[in-house]
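> Provided herewith is a single structure, encoded as structure tokens, for subsequent inquiry.
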């Protein structure tokens with residue numbers, strides 16, 4: 308899911324980072340979602356992960372941007388395994404996990420084959 312999401316803005320920008328491209332500097336990519344709490348949390352994670360991976364933002368910077376504004380709260384994430392979950396994760400935890408995975412080479416979207 309994350310790989311496919313990240314492909315969309317990269318395709319729109321033809322792989323150029325918007326902030327460093329003169330021709331794209333005045334354009335914006337907007338991600339919108341519904342009021343459904345689960346969809347909002349997933350959308351926040353996807354956009355945040357994109358910023359960590361491609362825009363080289365820190366998880367803390369991204370999380371601050373996501374929670375700024377009026378009445379912003381997100382559902383907690385949890386372990387996807389069967390059975391009782393003994394802990395919950397906030398979006399910041401997930402973004403920090405993405406950064407760690409990048410640092411240790413656990414994934415490389417440039418050389419991934421999802422098929």
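Residue numbers (the working numbering): 308 to 422. Here a beta-carbon is modelled for each residue, glycine too, at the ideal position from N, C-alpha and C.
1. How far does the alpha helix (DSSP H) with residue 404 in it extend, from its first residue to its last?
2. List the endpoints of the continuous alpha helix (DSSP H) containing residue 369.
3. What do you reckon, are the CB atoms on residue 396 and residue 344 nearer than 7 Å?
4. Does residue 335 come out as helix, strand or coil in the three-state DSSP assignment?
5. Using beta-carbon positions only, say whether residue 309 and residue 356 come within less than 7 Å of one another.
Reading it off the structure:
1. Taking the first residue of the chain shown as 1, we reach residue 404 at position 97. Taken as a continuous stretch (DSSP letters only), the alpha helix (DSSP H) holding residue 404 covers 398 to 410.
2. Taking the chain shown and counting its residues from 1, the one referred to as residue 369 is at position 62. Its alpha helix (DSSP H) spans residues 366 to 374.
3. In the chain shown, residue 396 corresponds to position 89, counting from 1. In the chain shown, residue 344 corresponds to position 37, counting from 1. Cβ distance not < 7 Å, so residue 396 and residue 344 don't count as in contact.
4. Taking the first residue of the chain shown as 1, we reach residue 335 at position 28. Coil.
5. As a working note, residue 309 is residue 2 in the chain shown. As a working note, residue 356 is residue 49 in the chain shown. Yes, the Cβ-Cβ distance between residue 309 and residue 356 is below 7 Å.
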